[in-house]
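Asker: Residue numbers in the sequence shown follow our numbering, run continuously in steps of one, and reach 1497 at the last position.
Note that CB positions come from ideal geometry on N, CA and C, so glycine has one too.
Before anything else, here's the structure in question.
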Amino acid sequence: MSSLAPAIVWFRRDLRLRDHPALAAAARAGGGRVVALFVVDERLLAPAGPTRAAYLAATVRELDRTMGGRLVVRVGDPAAVVPALAREVGAPAVWVSEDFGPQGRRRDERVAAALAAEGRELRSVDSPYVVAPGVVRGPQGNPYRVFTPFFRAWDEIALDIPVDVPDVEWIGADGTSADEIVARSSRRRPEIFGDLPDGPAPLAPAGEAAARAALAVAVERARDYEDRRDALAEEGTSRLSAHLRFGTLHPRTVLAALGPGPGPRALRRQLAWREFYADVLFHHPASAWRNLQPTLDGLEVDRDGAARERFRCWARGETGVPLVDAAMRQLLEEGWMHNRARMVSASFLVKHLHLDWRWGARWFAWRLVDFDLASNQHGWQWTAGTGTDAAPFHRVFSPVRQAERFDPEGAFIRRYVGELATVEAPECWSPGAAGYRHPVVDLDVERREALARFAAARGRRP
Ligand SMILES: Cc1cc2nc3c(=O)[nH]c(=O)nc-3n(C[C@H](O)[C@H](O)[C@H](O)COP(=O)(O)OP(=O)(O)OC[C@H]3O[C@@H](n4cnc5c(N)ncnc54)[C@H](O)[C@@H]3O)c2cc1C
1036 MSSLAPAIVW FRRDLRLRDH PALAAAARAG GGRVVALFVV DERLLAPAGP TRAAYLAATV
1096 RELDRTMGGR LVVRVGDPAA VVPALAREVG APAVWVSEDF GPQGRRRDER VAAALAAEGR
1156 ELRSVDSPYV VAPGVVRGPQ GNPYRVFTPF FRAWDEIALD IPVDVPDVEW IGADGTSADE
1216 IVARSSRRRP EIFGDLPDGP APLAPAGEAA ARAALAVAVE RARDYEDRRD ALAEEGTSRL
1276 SAHLRFGTLH PRTVLAALGP GPGPRALRRQ LAWREFYADV LFHHPASAWR NLQPTLDGLE
1336 VDRDGAARER FRCWARGETG VPLVDAAMRQ LLEEGWMHNR ARMVSASFLV KHLHLDWRWG
1396 ARWFAWRLVD FDLASNQHGW QWTAGTGTDA APFHRVFSPV RQAERFDPEG AFIRRYVGEL
1456 ATVEAPECWS PGAAGYRHPV VDLDVERREA LARFAAARGR RP
């Protein structure tokens, strides 16, 4: 090993060693001597519910294990913590995979300025995406607001050549334990949640080895992905979302592992949705919490006490509408929800309960292990008709029809709604099925109400 000053790699959404260009670059710069850092940043952790925090802690522990216990975990404001470690170990540069989220960008600007004040550098290499947000542009250099043309352009430039793992001598330093992650999370529980349950869901296997195992399964499943991805009761999707979220797997590694054929091709397209939403959020950071399209800003939503109670019924999976309840209980029990179930339950909150999509997005953010600001907020906006490529507001998902199409045997409903465990399809699809709880709303009445509010909102436009 050389006598060069060591380099620091600051791990954030890239909690792996393989296919890690920032780590490879740091190893080159430090002559193989690398200090690995993870910062427990309370501001980013506070909105994470207990399951995601526990999963992150498990992932960080795994990362530490793979580097022989040399990961340096420190707590505090990265703008203070990162320069302090650089000073301590005499590192001229800190290497990161670039973060493109609104908060992450602001944080990195502050860290870069603090390092620069001491003559050191924050060096960004790669990102959690195959193509970094901001890169895919239309013919006039304009960002895309619609998925299909984005996908066409992205597909042309999406490279899938993974980077080798470098030889590294890990240099340690004092630090604390990953337990701090759990201790400092869940501190910003929205008041709207009231007495909603807060227990963590059982954790799926975390860390890079688990991600590789999950990838092998996903590659197998990808063959039938196109046919099975919407089947609610089947394991037809990749289940890679939490690994992609924490970077135990890079999406480039996934692309590289996928073979040819329509199934893998459909999965590739789905991965591009994640990149599309990150791109949209990059260009429109305010769209994290505001309507991307202002046309429905005037839509009347309910906010009174009864509306809050309806929200909590929804979150507990107690609306009396079987498919919605199965979806919401899957979220409570597993910290994950099938994509089709996310669409149906989100649509129900917006269009049958007349609630603000942000309330639903907050609950998803709290409970989902794979919560990702761009995918979640834009998934919600898509459903609410306020986002990209908007599913028109007047197209209202019927939870009964969705159950008929995507849970034809009723197996998904029966798995999660214990009260209906012995009720066969088609009976189990219906609100109020076989003595099941009385539905909180009448689907037809509220569908018409949604359309009336939609018309009024459009009419109010200047
Ligand atoms: C209201 C709503 C909220 C959502 N919130 C999130 C979220 O917080 N985090 C999240 O990762 N995904 C979110 N999604 C997208 C999607 O539901 C999940 O990515 C998917 O269910 C994860 O399961 P999987 O890994 O088995 O997916 P697969 O179907 O196997 O897809 C593979 C990967 O492609 C990406 N992907 C697939 N579909 C989408 C999509 N529609 N938008 C963006 N990326 C996609 C994900 O990274 C996923 O892991 C949301 C969708 C909706 C409708």
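Among the residues of its own chain, which have a CB less than 6 Å from the CB of Ala1492, if the five just before and after it don't count?
Answerer: Once the five neighbours on either side are set aside, the close Cβ partners of Ala1492 are Leu1331, Gly1333 and Leu1334.
Asker: Looking only at its own chain, which residues have a Cβ that is under 8 Å from the Cβ of Val1107, when we skip the five neighbours before and after it?
Answerer: So the list reads Val1070, Ala1071, Leu1072, Phe1073, Leu1120, Gly1207, Ala1208, Asp1209 and Gly1210, once near-sequence residues are dropped.
Asker: Spatial neighbours of Phe1346 within its chain, please: C-beta separation below 6 Å, excluding the five flanking residues on both sides.
Answerer: Within the same chain, Phe1346 has close Cβ partners Leu1390 and Trp1394.
Asker: Hey, is Ser1410 close to ligand 1, as in C-beta under 7 Å from one of its heavy atoms?
Answerer: Checking every heavy atom of ligand 1 against the Cβ of Ser1410, one is found closer than 7 Å.
Asker: Could you give the residue range of the alpha helix (DSSP H) that holds Phe1486?
Answerer: According to the sequence provided, residue 1486 is Leu. The question's Phe does not apply to it. Per DSSP, Leu1486 belongs to the alpha helix (DSSP H) from Leu1478 to Gly1494.
Asker: Taking 7 Å as the cut-off, does the CB of Tyr1451 come closer than this to any heavy atom belonging to ligand 1?
Answerer: Every heavy atom of ligand 1 is 7 Å or more from the Cβ of Tyr1451, so no.
Asker: Less than 8 Å between the beta carbons of Met1363 and Gly1352, yes or no?
Answerer: Yes, the pair counts as a contact, with Cβ atoms nearer than the cut-off.
Asker: Hey, which unbroken runs of the alpha helix (DSSP H) at 4 residues or more fall wholly within the region 1215-1274?
Answerer: For the region 1215-1274, whole alpha helix (DSSP H) runs of length 4 or above, ordered along the chain, are 1243-1256 and 1260-1263.
Asker: Would you decide whether Glu1243 is buried or exposed? Buried here means 16 or more other CB atoms lie within 10 Å of its CB.
Answerer: The residue is buried, with at least 16 neighbouring Cβ atoms inside 10 Å.
Asker: Determine the burial state of Glu1344: buried for a count of at least 16 other Cβ atoms within 10 Å of its Cβ, exposed for fewer.
Answerer: Counting Cβ neighbours within 10 Å, Glu1344 comes out exposed, since fewer than 16 surround it.
Asker: How about Asp1049: is its Cβ closer than 7 Å to a heavy atom in ligand 1?
Answerer: No, since every heavy atom of ligand 1 falls outside the 7 Å radius drawn around the Cβ of Asp1049.
Asker: With a threshold of 7 Å, establish whether the CB of Met1102 neighbours any heavy atom of ligand 1.
Answerer: No, Cβ of Met1102 sits at least 7 Å from all heavy atoms of ligand 1.
Asker: Using 10 angstroms around the beta-carbon of Val1452, count the other beta-carbons present and answer buried if the total reaches 16, otherwise exposed.
Answerer: Buried, since its Cβ has 16 or more Cβ neighbours within 10 Å.
Asker: Would you tell me roughly how many angstroms separate the C-alpha atoms of Val1160 and His1055, rounded to the nearest one?
Answerer: Whole-angstrom Cα-Cα distance: 9 Å.
Asker: Any heavy atom of ligand 1 within a distance shorter than 7 Å of the CB on Ala1115?
Answerer: Result no, Cβ not under 7 Å from ligand 1.
Asker: Please name the residue or residues paired with Trp1349 in a DSSP beta bridge.
Answerer: Answer is none; Trp1349 lacks a bridge partner.
Asker: Who are the Cβ neighbours of Asp1265 in its own chain at under 6 Å, not counting the five residues just before and after it?
Answerer: Taken in chain order, the residues that qualify are Arg1375 and Phe1441.
Asker: Specify the secondary structure class of Ser1159 as computed by DSSP and reduced to three states.
Answerer: In the structure shown, Ser1159 sits in a strand (DSSP, three-state: E or B).
Asker: If you follow the alpha helix (DSSP H) that Arg1047 is part of, which residue opens it and which one closes it?
Answerer: Looking at the DSSP string, Arg1047 is not in any alpha helix (DSSP H), and its letter there is neither H nor E.
Asker: For Thr1211, write down the residues that DSSP places opposite it in a beta bridge.
Answerer: Thr1211 pairs with Val1108.
Asker: Taking only three categories from DSSP, how would you classify Glu1133?
Answerer: Looking at Glu1133 - three-state DSSP - the assignment turns out to be coil, as it is neither helix nor strand.
Asker: Just to confirm the assignment, what range does the alpha helix (DSSP H) spanning Arg1364 have?
Answerer: Pro1357 to Glu1369 is the span of the alpha helix (DSSP H), which, as asked, contains Arg1364.
Asker: Could you spell out the range, first to last residue, of the alpha helix (DSSP H) harbouring Val1315?
Answerer: Element bounds for Val1315: Pro1297 to His1318.
Asker: Nearer than 7 Å: is that true of the beta carbon of Phe1185 relative to any heavy atom of ligand 1?
Answerer: Result no, Cβ not under 7 Å from ligand 1.
Asker: Can you tell me the Cα-Cα spacing of Ala1460 and Gly1470, whole angstroms?
Answerer: Rounded to the nearest angstrom, the two C-alpha atoms are 15 Å apart.
Asker: Can you give me the Cβ contacts of Ala1396 inside the same chain, cut-off strictly under 7 Å, excluding the 5 residues immediately before and after it?
Answerer: Asn1411, Gln1412 and Trp1415.
Asker: Quick one: what does DSSP say Phe1428 is sitting in, helix, strand or coil?
Answerer: DSSP places Phe1428 in coil when its eight states are reduced to three.
Asker: For Phe1311, which residues from the same chain have a beta carbon less than 6 Å from its beta carbon, with the 5 sequence-adjacent residues on both sides left out?
Answerer: Result list for Phe1311: Phe1182 and Phe1185, in chain order.
Asker: What separation, rounded to the nearest whole angstrom, lies between the Cα atoms of Leu1293 and Leu1250?
Answerer: If you take the alpha carbons of Leu1293 and Leu1250, they lie about 9 Å apart.
Asker: Express the C-alpha separation of Asp1214 and Pro1113 in angstroms, rounding to a whole number.
Answerer: Rounded to the nearest angstrom, the two C-alpha atoms are 18 Å apart.
Asker: Could you pull the start and end residues of the alpha helix (DSSP H) that Leu1080 belongs to?
Answerer: Element bounds for Leu1080: Glu1077 to Leu1080.
Asker: Examine ligand 1 and report whether any of its heavy atoms sits within less than 7 Å of the Cβ of His1373.
Answerer: His1373: yes, Cβ under 7 Å from ligand 1.
Asker: Tell me whether Leu1403, by its Cβ, gets closer than 7 Å to a heavy atom of ligand 1.
Answerer: Leu1403 Cβ: within cutoff of ligand 1.
Asker: Could you compute how far the alpha carbon of Val1146 sits from the alpha carbon of Ala1152?
Answerer: Going by the C-alpha atoms only, they are around 10 Å apart.
Asker: Just verifying my parser: in three-state terms, what is the DSSP assignment at Arg1100?
Answerer: Looking at Arg1100 - three-state DSSP - the assignment turns out to be helix.
Asker: For Tyr1498, which residues of its own chain have a beta-carbon under 8 Å away from its beta-carbon, when the five flanking residues on both sides are left out?
Answerer: Any property of residue 1498 remains undetermined from this structure, which presents the chain solely from 1036 to 1497.
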